[in-house]
Amino acid sequence: MTAPSWDLSFAYSGLSGEDYAADIAKVKALIAQITELAPTDITGCQQALSLSEQAGMLTHNLSTYAYCLASVDAKNQEAALAQSKLSSLWSELTQANKPFTSQVSTGTDDFFESVLAGSDDVGPLERFRFLKTIEREKKDTLLSVEEEQLLSAMNVDGPNAWGSLYNKITGSMTVRLTRSDGTEETLGLSQAASILRKPDATRRELAWKAINDAMRTHQVSFAAILNALSGSRLTEYKKRSKKKPVHFLDPALSDSRIMRETLDIMMHVAKENRHIGQQAGLAMAKLHGTDTLKPWDELASMPTLGNSEPETYSFEQAIAIIKKAFAGVDSEMADFVDMMVENNLIDAAPQSNKRLGAYCALLFKTRTPVVFITWGGSMSNVITLAHELGHAFHNWVMRDMPYSQTGFPNTLAETASIIAENIVRDALLAEAKQESDKLKMLWEEARV
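Listed below in structure tokens is the structure:
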């Protein structure tokens with residue numbers, strides 16, 4: 432089995448397909464219905480909640496589809512245009528909802544309870560309680576409806592556009608590796624990055640230096656992107672601080688569902704125990720034959736011991752390893768891996784214009800998770816694939832939940848994926864017969 436590519440035809444026939452256009456039209460129609468409702472009216476707020484959930488689900492599905500196509504090929508202009516249009520559509524939906532969000536957030540407790548009680552027309556709305564309660568907790572940092580709508584509109588050509596620019600630059604970049612014989616090799620950035628996890632130390636160093644050279648040509652653009660994103664956030668937080676100060680960490684803490692004290696304690700514990708990581712780094716450097724851990728060795732798999740050949744893994748072998756490990760916990764997890772492979776829901780084939788990184792996304796209409804990764808054959812790739820399949824399984828077990836209850840913070844999302852990683856690591860460690868095999872799994876844990 433070679434590293435597979437996606438088949439997303441279950442979602443849409445294409446960006447120019449009638450089914451894709453039909454969902455765009457449905458979202459626009461739902462937005463139009465929302466704007467006709469009265470935000471001060473309980474019935475209006477109830478209907479807005481119901482309609483916005485439908486519109487959000489469809490827009491989410493459309494956006495994920497376009498994002499997936501753009502991830503596989505950063506030079507796909509049709510996908511880039513679709514993403515831009517969908518960013519505007521998200522903004523239109525958000526702006527349409529702002530009057531109702533404001534009313535539900537600032538209304539009396541009786542008004543809030545009446546809205547969530549639902550009606551014969553929209554059914555029960557209790558599923559919105561958690562999210563709307565969080566919004567009510569932030570009511571002192573709300574701006575006027577008009578200002579909130581303006582911020583949403585400006586995000587399209589502001590923060591969202593900066594993020595898109597970074598993805599376009601890194602997805603279309605080429606990296607030139609100069610070999611020891613003077614010849615050159617041209618690769619996409621994601622292809623070059625995958626070399627950093629491979630066993631050939633000379634090639635890793637060449638790749639690391641070539642990547643840095645390529646990134647350096649865009650350093651001014653990258654600095655501008657970071658400064659613009661930080662500046663826009665700080666400006667917004669200052670504007671929201673009229674009644675209650677908004678610290679620059681507050682939105683991230685809220686999104687993560689943790690308190691500042693929790694973050695401070697975690698950072699303190701990490702700092703107090705950093706010597707453990709430093710010791711691990713020095714031990715890893717020793718196996719690499721260096722005094723300190725070189726930057727091009729930080730992501731590398733463990734060097735071979737003795738005269739053994741470097742170990743690589745085909746995609747098929749990786750799936751077998753992950754499936755077996757998952758089966759040791761729950762047969763449903765193992766069956767899920769089969770389903771993902773059989774339905775071509777994993778895109779792992781290396782491509783020259785493929786974006787960096789790995790992720791899991793959800794096509795919400797069919798509740799179908801998809802996984803994105805660039806396969807390089809390392810044990811690190813195996814663990815990363817397990818990580819993303821952990822995200823995918825998390826989405827899969829929530830497939831019977833309403834859209835409004837499927838949003839979750841990264842703190843929870845990464846718990847699911849890290850559990851999946853550890854299942855595979857622990858299974859391989861338990862099976863290891865040689866000390867070198869045990870060391871290899873401990874290496875992978877330290878490398879992360």
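Following this note's numbering, the numbering of the sequence shown begins with 432 at its first residue and continues without gaps.
Heads up, the beta-carbon is just placed ideally off N, CA and C, and yes, glycines get one too.
For the beta strand (DSSP E) containing residue i, name the first residue and the last one.
| i | result |
| --- | --- |
| PRO435 | Element bounds for PRO435: n/a, residue is neither H nor E. |
| THR799 | 799–803 |
Would you identify the three-state DSSP class for residue i, choosing helix, strand or coil?
| i | result |
| --- | --- |
| ALA792 | strand |
| VAL813 | helix |
| SER550 | strand |
| ASP761 | coil |
| GLY619 | strand |
| ILE696 | helix |
| ASP686 | helix |
| LEU574 | coil |
| LEU608 | strand |
| ASP722 | coil |
| ASP769 | helix |
| ASP778 | strand |
| PHE824 | helix |
| LEU446 | coil |
| TRP806 | coil |
| HIS818 | helix |
| ALA863 | coil |
| ARG786 | coil |
| VAL677 | coil |
| ASN841 | helix |
| ASP831 | coil |
| MET585 | helix |
| PHE441 | coil |
| ARG856 | helix |
| LEU461 | helix |
| THR466 | helix |
| TYR744 | coil |
I'd like the span of the alpha helix (DSSP H) that includes residue i, first residue to last.
| i | result |
| --- | --- |
| GLY487 | 473–503 |
| GLY602 | 590–603 |
| GLY712 | 705–719 |
| LEU870 | 866–878 |
| PRO530 | 508–537 |
| ALA654 | 650–670 |
| THR564 | 560–568 |
| LEU637 | 632–647 |
Please report the distance separating the alpha-carbon of residue i from that of residue j.
| i | j | result |
| --- | --- | --- |
| ALA823 | ASN643 | 32 Å |
| GLY788 | TRP593 | 18 Å |
| ALA701 | ALA711 | 14 Å |
| LYS674 | LEU468 | 29 Å |
| PHE757 | ARG567 | 41 Å |
| ASP722 | ALA716 | 6 Å |
| GLY445 | ALA510 | 10 Å |
| ALA659 | LYS871 | 42 Å |
| ARG610 | GLU616 | 8 Å |
| LEU637 | ILE804 | 22 Å |
| GLY720 | GLY737 | 13 Å |
| GLU449 | SER494 | 16 Å |
| ILE850 | GLY821 | 7 Å |
| SER848 | HIS706 | 26 Å |
| ASP728 | THR539 | 58 Å |
Who are the near neighbours of residue i in its chain, counting only those whose CB is closer than 7 Å to its CB and skipping five residues on each side?
| i | result |
| --- | --- |
| ASN507 | LEU500 and ALA501 |
| ARG786 | SER502, ALA505, ASN598, THR601, GLY602 and SER621 |
| GLU557 | LEU547 |
Whose C-beta lies closer than 8 Å to the C-beta of residue i among residues of the same chain, with five residues either side of it excluded?
| i | result |
| --- | --- |
| ARG560 | LEU547 |
| LYS869 | LEU860 and ALA863 |
| ARG634 | LEU608 and ILE626 |
| ASP769 | LYS754 |
Within the same chain, show all residues whose beta-carbon is closer than 6 Å to that of residue i, passing over the 5 residues directly before and after it, in chain order.
| i | result |
| --- | --- |
| MET488 | PHE795 and TYR834 |
| ALA434 | PHE746, ALA779, ALA780 and TRP806 |
| TRP889 | Absent from the structure is residue 889, since the part of the chain shown begins at 432 and ends at 879. |
| THR735 | PRO741 |
| ARG830 | ARG798 |
ask   = Is the stretch 773–788 touching the stretch 471–480 in the sense that three or more CB pairs, one from each, lie closer than 8 Å?
value = no
request  = Evaluate the contact criterion for the stretch 742–755 versus the stretch 447–467: three or more CB pairs, one atom per stretch, below 8 Å.
outcome  = no
ask   = Does the stretch 579–586 touch the stretch 543–552, meaning 3 or more C-beta pairs lie closer than 8 Å?
value = no
query = So does the stretch 524–541 actually touch the stretch 563–578, counting three or more Cβ pairs closer than 8 Å?
reply = yes
query = Any chance the stretch 797–812 sits against the stretch 610–625, with 3 or more Cβ pairs inside 8 Å?
reply = yes
request  = Check whether the stretch 797–807 touches the stretch 436–456, taking contact to mean three or more Cβ pairs, one atom from each stretch, closer than 8 Å.
outcome  = yes
key: Cβ pair count under 8 Å reaching 3, the stretch 855–868 against the stretch 749–757   = yes
Cβ pair count under 8 Å reaching 3, the stretch 586–600 against the stretch 646–654 = yes
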